[in-house]
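First up is the structure itself, then whatever we jot down about it.
Chains as they are written, first to last, in the working numbering: chain B, 199 to 457; chain H, 199 to 457.
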């Protein structure tokens with residue numbers, strides 16, 4: 199695989215495309231590529247090109263696009279992951295994996311049982327870190343689209359947004375066993391019903407919502423259902439919080455023939 | 199959730215069921231439970247009981263089964279994960295997650311690009327460690343079945359076994375894009391075709407095979423196909439080696455309505 203560089207304002211018709219500082223440094227100082235080296239550049243919005251290096255400096259580099267290349271396929275619908283912020287390295291893995299699976303965006307939320315506060319997320323500039331991980335993961339998995347990592351918000355703030363998407367909130371097996379052929383609508387759940395994958399018709403846009411290690415507080419679940427979120431069962435076995443996003447996304451994409 | 203203890207030779211009709219040493223120590227010294235405490239015990243073969251503690255010592259404990267409890271549902275078919283051994287903590291996570299998803303067994307294999315040798319796996323008693331992780335994960339996810347972690351073997355040795363199961367070997371996107379409605383059989387691959395999830399009818403028993411970080415050596419793939427393994431695409435985006443098992447298992451279980 200050729201080294202890939204992210205150039206957000208890429209003009210593929212220009213004779214000289216300068217790379218952003220960090221990408222240039224990676225090209226020139228880490229990989230030690232010189233003029234004439236073949237690389238790939240992508241604009242994060244779906245454009246990917248074969249390119250050659252035309253200039254390198256101590257911390258600068260420029261390339262020229264040679265021809266368009268077909269990137270890894272994108273999902274035909276918009277799938278966003280809404281995730282109650284997990285501990286540091288687990289959250290990094292979740293961002294990386296969600297990008298690999300093809301999400302359009304990631305929304306970190308702070309819920310009652312999150313292990314970190316909103317101000318701590320903001321102070322530690324975590325969102326910038328997750329955005330860099332999203333770029334790196336896009337490079338690795340072959341996507342030419344860089345998903346957006348949205349600013350972290352409280353659960354209440356997230357629910358008050360108009361997202362223009364179906365909201366699916368993943369619930370624990372204790373919310374009731376998944377529906378069976380004998381009981382196709384499933385058990386009652388907070389005045390409604392828990393859906394399974396098969397019940398969810400393929401939407402144009404969806405937010406897949408995964409809770410914290412300790413689960414949602416009842417008042418948070420109630421607020422989600424009031425905001426129109428559909429409770430979704432991920433099966434009868436309890437999943438670890440850091441594995442649940444990958445399982446939920448994979449199962450939904452498989453159901454909708456979009457893996 | 200009540201504390202759960204694993205008692206492989208459990209006799210639910212006995213007035214006094216002694217716990218194995220490590221489980222007894224956990225009950226008495228870590229959780230500090232006393233006589234009369236309510237716990238759950240399971241035999242690893244599908245039996246789960248509500249029980250009460252009837253005796254505790256410094257490092258011993260005994261319980262009495264009160265009534266059978268319904269455990270988390272098991273998959274109706276036998277799904278084994280065959281995995282080229284990954285680095286330490288990643289492999290631990292893979293074992294944990296595979297058990298959560300409901301596998302019947304785990305087969306660690308050493309392939310050409312594995313990051314550890316067979317003798318190193320044997321010397322470090324990794325298989326015992328993974329078996330303990332499998333027990334712990336069964337407790338956490340609510341299963342009363344403990345999947346078997348088989349001894350690590352070389353790739354050639356694994357392929358020479360008669361497993362009585364459909365072998366599905368996960369291949370990289372570079373093996374060809376997944377099949378599309380226009381090209382339902384997919385692109386050619388080493389003289390055959392790469393299948394997608396939808397092509398695989400639900401088997402009675404299946405081995406899902408996932409390769410190392412660096413992928414399979416061509417000679418290893420050829421040997422797999424000669425042994426009857428079916429190449430399976432996990433979609434067009436390259437997955438990290440430690441995420442691939444979870445994605446493959448989830449996608450297949452979803453396809454077969456067994457999540």
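For every residue, glycine included, the Cβ atom is placed at its ideal position computed from N, Cα and C. Please read these numbers as outputs of a predicted model, since none were measured by experiment.
Check whether the Cβ atoms of residue 371/H and residue 433/H lie closer than 8 Å to each other.
Cβ atoms of residue 371/H and residue 433/H: closer than 8 Å.
If you measure between the beta carbons of residue 364/H and residue 307/H, is that distance less than 8 Å?
no
Can you name the residues of chain B whose CB is closer than 8 Å to the CB of residue 371/H?
270 and 340
Taking only beta-carbon atoms, is residue 382/B less than 8 Å away from chain H?
Summary for residue 382/B: the model assigns pLDDT 47, below 50, so the residue's position carries little reliability, and this model does not support an answer.
Measuring alpha carbon to alpha carbon, tell me which residue in 311/H, 214/H and 301/H is nearest residue 341/H.
301/H
From the DSSP output, in three-state form, read off residue 348/B for me.
coil
Using only CA atoms, which one of 312/H, 258/H and 415/H lies nearest to residue 281/H?
312/H
Determine the burial state of residue 359/B: buried for a count of at least 16 other Cβ atoms within 10 Å of its Cβ, exposed for fewer.
exposed
Identity of the residue in 265/H, 294/H and 309/H nearest residue 332/H by Cα
294/H
3 or more residues per run - each beta strand (DSSP E) lying fully within the region 234 to 320 of chain B
236 to 240, 246 to 254, 259 to 266, 276 to 282 and 303 to 308
What separation, rounded to the nearest whole angstrom, lies between the Cα atoms of residue 219/B and residue 240/B?
15 Å
Amino acids of chain B, ordered along the chain, whose beta-carbon sits closer than 8 Å to that of residue 434/H
Chain B residues near residue 434/H: 270, 271 and 340.
Looking only at DSSP bridge pairs, what is residue 405/H linked to?
278/H and 365/H
Mapping the DSSP letters down to three states, classify residue 428/B as helix, strand or coil.
strand
Interface flag, residue 377/H vs chain B, CB-CB below 8 Å:
The pLDDT assigned to residue 377/H is 44, lower than 50, so where the model puts this residue is not dependable, and the model offers no usable value.
For the region 316 to 330 of chain B against the region 436 to 447 of chain B, do three or more pairs of beta-carbon atoms, one drawn from each stretch, fall closer than 8 Å, so that the two count as touching?
no
Burial state of residue 202/H (16 or more Cβ within 10 Å):
buried
What are the complete alpha helix (DSSP H) segments, minimum 4 residues, inside the region 206 to 231 of chain H?
219 to 223
Residues of the region 423 to 448 of chain B with Cβ closer than 8 Å to any Cβ of chain H, in chain order:
Of all residues in the region 423 to 448 of chain B, only 432, 433, 434, 435, 436, 437, 438, 441, 444, 445 and 448 come within less than 8 Å of chain H when Cβ atoms are compared, listed by chain position.
Is residue 187/H close to chain B, meaning its C-beta is less than 8 Å from at least one C-beta of that chain?
For residue 187/H there is no data in the structure shown, the boundaries of chain H being 199 and 457.
Give every residue of the same chain whose Cβ lies closer than 7 Å to the Cβ of residue 259/H, excluding the five residues on either side of it in the sequence, and list them in chain order.
217, 222, 225, 226, 251 and 253
Mapping the DSSP letters down to three states, classify residue 202/B as helix, strand or coil.
strand
Identify which residue in 361/B, 322/B and 299/B has its Cα closest to the Cα of residue 344/B.
299/B
What number of angstroms, rounded off, separates the C-alpha of residue 244/B from the C-alpha of residue 204/H?
When rounded, the distance between both Cα atoms is 51 Å.
Please state if the CB of residue 418/H and the CB of residue 469/H are separated by a distance shorter than 8 Å.
Any answer about residue 469/H is impossible in this case: the structure gives chain H only from 199 up to 457.
Does any CB atom of chain H fall closer than 8 Å to the CB of residue 412/B?
no
Judging by CA-CA distance, which residue of 415/H, 440/H, 408/H and 246/H is the nearest neighbour of residue 431/H?
408/H
Please state whether the Cβ-Cβ distance between residue 452/B and residue 453/H is less than 8 Å.
yes
Just the chain B side, please: which residues come within less than 7 Å of residue 300/H by C-beta, in chain order?
435
Can you tell me whether residue 296/B is buried or exposed? The criterion is at least 16 other CB atoms within 10 Å of its CB, across all chains shown.
buried
Name the DSSP bridge partner or partners of residue 343/B?
BP columns for residue 343/B point to 242/B and 243/B.
Look up residue 411/H in the DSSP assignment and say whether it is helix, strand or coil.
coil
If we cut at 8 Å on Cβ distances, does residue 295/H have a partner in chain B?
At a cut-off of 8 Å between beta-carbon atoms, residue 295/H makes contact with chain B.
Tell me which same chain residues have a C-beta within less than 7 Å of the C-beta of residue 208/B, skipping the five on either side of it?
215, 239, 241 and 245
With a cut-off of 8 Å on the beta carbons, I'd call residue 450/B and residue 392/B a contact; round off their distance for me.
15 Å between Cβ atoms; not a contact.
Partners in chain B for residue 453/H, counting only beta-carbon separations shorter than 8 Å
452
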